[in-house]
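Residue numbers (this note's numbering), protein chains in the order written: chain A, 34 to 499; chain B, 2 to 200.
Built from N, CA and C at the ideal position, the CB exists for glycine as well.
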Amino acid sequence: MNIIKQLDVSRCQSKSLFKRQSSNRSANKEWTYLQNSVRHYVKRKYPVNPEESEKLPVFQYASTSSPKWRVYVWGVAEHGALGVNLQLKKSRAPIHYLTKPVRTHFAEQHKIVDVACGYGFTALAANTREKYKVFGCGINTDSQIGYHAPRREHPLQLMLAPAPIELPLADIPNTKVTSVAAGRAHLLVLTDREGVFTLGNNAYGQCGRQIVEKEKYSGSRIIHNIPHLTGAKIKSIECGQDHSLFVSENGEVYACGWGADGQTGLGHFNSEWQPSRIQGDIEGENIIKVSSTADCVLAINDKGELFGWGNSEYNQLLHEEIQQIHTPRHLKKCQGLGKIVDMAAGGSFCIAVNENGDVFVWGYGILGKGPIVDHAKEPIQIPSTLFGRNEFQPDSQIIAVNAGIGHLAAVSNHGDLYMWGHNKRGCLGLGDVKDQFFPLKVAIGAMVKKVSCGVDHSAALCLPFV
Amino acid sequence: MQRPTRVFRLKGLLGQATDTYFSDGKVVEKATFWHVNRSKLDAVLASIQAAHQKQMFHQCGVDIQSQAAYELAVQGLIKPENSKIPLLYGIKCVHFQPPDFTIEVQCINEHEMYLRTLIHDTGIQLHSVATCTGLQCIRYDCFTLEHALLRKHWTLQFLLDNMAESNRLLRESEADKRQKSATLLESDISKLKAPVVNS
């Protein structure tokens, strides 16, 4: 009878681990599979005895236990946003940046439901009945990831490992955190029944509360709650650089924060602390998603039409004359692109994907059509062969896109992640620090479901294959 | 000079790992495989296929930051510049009856050990183990199993007919042009994709 043995590591596992280490040591740049494979012949003294295989125990590999969701991070690690610099002993040099995706141990211990990358910090939302449901790591100069003071009255300005953020929840066991959104120095946390909690910098009113002159944000314990928007439940949130956007259940969009480039969409260029309803072309439309990274905002309605407002210095809003648009306008030039299902507004460019999985970009910067094309006044399509659609994979299409300040990301229906743009110290995850001028697949050993792009780091929420 | 593309049918057996990665070797490990199903195998193979297609861009022989690399990439499938580097264009599972499974692989520059290692590594990816039980080349450039001679046909007349047929095939399919191009031409791809009936 065969015994199922739970050994620490099986023979095949240990062999593959050894192979990986030796390949790193040899620093072999070329992709030579040959050198790492088993020898071509086997020296045998005695012939193979088939009865011996009957006596072998049957090994059972560890199955993927819950939590199933994995988080991979890559990019700059010095500011602690990746949560990988944990043991800074004198003998061990700290990691400066990671050019390839690395799986965080944190997601193995908590059921992560959402991840958001801000400017130098990362926020992770966990599904738990405990008190701490949101964790943050990275830059904490404006208390954007909460108050952490292991030594009394000395709050930490930099968190190297994910630290729990204490939210003033009314119903701790039953309230669930559904999503998080991070901006330059502020964080929004959306719950399913208690509205939105905001923390961090409020110099322009981006936290949705009164601006207090000369307020000290470092070591601040203020967490503001916005329970609802004039009675309507908040469905989704988004953070730009210094402004916040809320989408309510009935398809209305509310904004607060910095408005000098018109990114609040409220019809003026002043800062606004109270979340106010945005009118303009989106009045009456059922908006399902808004996206913003810096100071340009895009929104789509349920019919797949694009609306935009904010900064258009690089022609992101497809308007030749006006450079700052303070009221939402319908992007008519995007009408011929089909029904848009996802879009993202980056630092100087915009990206949209339609229901067929075709990706369109416009604006300025590394757009993804080679080194020569650096600006587009109208949406141009990135050939789908670059996203893996060829004769061997005819059904490969892009289902989600995201943009950081200088780089872009696209997720396909098979769970592949493609990234391109300015490679700020490895934030593309392609293995080097060179800029990438057309989409290239990132090597992650899991199916990517959501990607979040920050300024110089990125994170992905994934599911395993098995 | 580039070698042409080939299509292989690899038969694998789940639950056993041998030292030569083939079923004639000594079994070194046995593992459970009740958790492996068709969709998991398909997901793993799709990921391997995408990873190889990404490597294809790195192996094209031009600097990836150049315009030439972009133009080559847009055309779709590229041949590696070095004829020693194996590359898989397509992988899919054609038969799955645990513990047996068969995968069809469209590749270039491969060798037997590479294909056996592919089966072994697929097993590891599925959190089980696998070993190769059979390797069958079903297409070599424009030649398929239909053009292969059976043992009983190894006589002079059959050989002469076959040689004439092969020459005609090579001429018609423009083998020279395909061999010199840096990317897979349409004629290449249509041949790779065309189903081969097992004779």
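Proximity of chain A to B:F58 at the Cβ level (cut-off 7 angstroms) is accounted for by L473, in chain order. Each residue's CA atom was taken as its position, placing A:I438 and B:A18 some 48 angstroms apart.
With a 10 Å radius around the Cβ and a threshold of 16 neighbouring Cβ atoms, A:D175 comes out buried.
Residues of chain A with a Cβ closer than 8 angstroms to the Cβ of B:V28 are, in chain order, E85, S86 and L89.
If you draw a straight line from the Cα of A:D275 to the Cα of A:A218, it is about 7 angstroms long. For A:R254, there is no enclosing beta strand (DSSP E), since its DSSP letter is neither H nor E. Taking the CA atoms as reference points, A:E87 sits about 45 angstroms from B:H59. Taking a C-beta distance under 8 angstroms as the contact criterion, B:V37 and B:L15 qualify as a contact pair. Residue environment analysis places A:I355 among the exposed positions, since fewer than 16 neighbouring C-beta atoms fall within 10 angstroms of its C-beta. With a minimum length of 3 residues, the unbroken runs of beta strand (DSSP E) contained wholly in the stretch 388 to 426 of chain A fall at 392 to 397 and 408 to 415. The beta carbon of B:L186 does not come within 8 angstroms of any beta carbon belonging to chain A, so the residue lies off that interface. Within 10 angstroms of the beta-carbon of A:P206 lie fewer than 16 other beta-carbons, which makes it exposed.
Nearest in C-alpha terms to A:A433, of all of A:N456, A:H408, A:A479 and A:V386, is A:V386. Looking at A:W291, A:L364, A:Q307 and A:C45, the one whose alpha-carbon comes closest to that of A:H257 is A:Q307. Interface criterion met: the Cβ of B:G77 is under 8 angstroms from a Cβ in chain A. Approximately 15 angstroms separates the beta-carbon atoms of A:R254 and A:Y165; this is outside 8 angstroms, ruling out the contact. The residue from A:I358, A:A182 and A:V222 with its alpha-carbon nearest to that of A:I267 is A:V222. For the stretch 138 to 170 of chain A, the beta-carbon criterion of a distance under 8 angstroms to any beta-carbon of chain B is satisfied by none of its residues. For A:A156, there is no enclosing alpha helix (DSSP H); the enclosing beta strand (DSSP E) has its first and last residue at F154 to A159. Using a CB distance below 7 angstroms, the part of the stretch 413 to 424 of chain A facing chain B consists of P416, T418, L419, G421, N423 and E424, ordered along the chain. B:H154: not part of any alpha helix (DSSP H); DSSP gives it neither H nor E.
Inter-residue distance for A:T418 and B:Q180 is about 22 angstroms (C-alpha atoms, whole angstroms).
The three-state secondary structure of B:V45, taken from DSSP, is helix. If you compare the alpha carbons of B:Y22, B:K31 and B:V45 with that of A:I477, the shortest gap goes to B:V45.
Here the stretch 96 to 107 of chain A makes contact with the stretch 485 to 493 of chain A; the two share three or more CB pairs at distances below 8 angstroms. Within chain A, the residues whose beta carbon sits less than 7 angstroms from that of B:L127 are V499, listed in sequence order. A distance of 8 angstroms or more separates the beta carbons of A:I128 and A:F154. At least 8 angstroms separates the CB of A:Y397 from every CB of chain B.
In the displayed model, A:V104 falls within a strand according to three-state DSSP. Note: B:Q17 is bridge-paired with B:K31 in the DSSP secondary-structure output. Spatial neighbours of A:L364 in its own chain (CB-CB distance under 7 angstroms, excluding positions within 5 residues in sequence) are listed in chain order as L339, F340, G341, L350 and L351. Taking a Cβ-Cβ threshold of 7 angstroms, the residues of chain B close to A:R44 are V29 and E30, in chain order.
Of all alpha-carbon atoms in A:T137, A:G228 and A:E163, the one lying nearest the alpha-carbon of A:A156 is that of A:T137. If the five residues before and after A:M480 are omitted, its C-beta is found closer than 7 angstroms to the C-beta atoms of G448, C495, L496 and F498, all from its own chain and listed in chain order.
Counting the other CB atoms within 10 Å of its CB gives A:T326 a total of 16 or more, which places it among the buried residues. Per DSSP, A:G343 lies in no alpha helix (DSSP H) segment; the continuous beta strand (DSSP E) that holds it begins and ends at L339 to N344.
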